[in-house]
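Sequential numbering of the sequence shown, starting at 6, is according to the working numbering.
Virtual Cβ for every residue (Gly too), placed ideally from N, Cα, C.
This structure is a prediction, so every number in the text was calculated from the model and none was measured.
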Amino acid sequence: GRVLTMQGYGNAGNAPQTTGYRQSTGAGAVDLWEAYAGHRPHVAPSPAEEAAARIVSNRAAIAADALARKMGAGGHGASKAPYTADQVDEGLRTVVGCLLGDEEGKAGGGGLAASLASHLVGRMCVPR
């Protein structure tokens, strides 16, 4: 902490002071998404649909990454991926179905879909 503070980085161990931030929930979140997506015809009508569209458009790379990282088997140190490419594809379909409101998929998605969802969260790149 001290070195970073001396170089002009960090917050010297204090919580940063923020103003004007409020988490959007409910109708406010819908209004915020509509304002964002309203003039962007390439953006899906809801955040969940946009996430589903991104997963579908990047499914080959996502599946390859999950298999290469041996998702569900303890990472790169594992001897082999515990799932086949077809199983990962089916799991991604379940995740997309859940994002689009498929109640049956939510109930029967199983551990693979949950592992994939967790993998996606861990691998997601979000600009700050």
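Is the separation between the beta-carbon of residue i and that of residue j shorter than 9 Å?
| i | j | result |
| --- | --- | --- |
| A40 | V101 | no |
| A96 | A118 | According to the sequence displayed, residue 96 carries Gly and not Ala. For G96 and A118, yes; Cβs fall inside 9 Å. |
| R59 | H124 | no |
| E54 | L104 | yes |
| V48 | L72 | no |
Helix, strand or coil: which one does DSSP assign to residue i?
| i | result |
| --- | --- |
| Y26 | Reliability fails at Y26, whose pLDDT of 49 lies under 50, so the model's placement of it is uncertain and no value is given. |
| G127 | helix |
| S51 | coil |
| G43 | coil |
| R74 | coil |
> Enumerated in chain order, which unbroken segments of the alpha helix (DSSP H) with a length of 4 residues or greater are wholly contained in the stretch 89–113?
Replying inline: 90–104, 108–113
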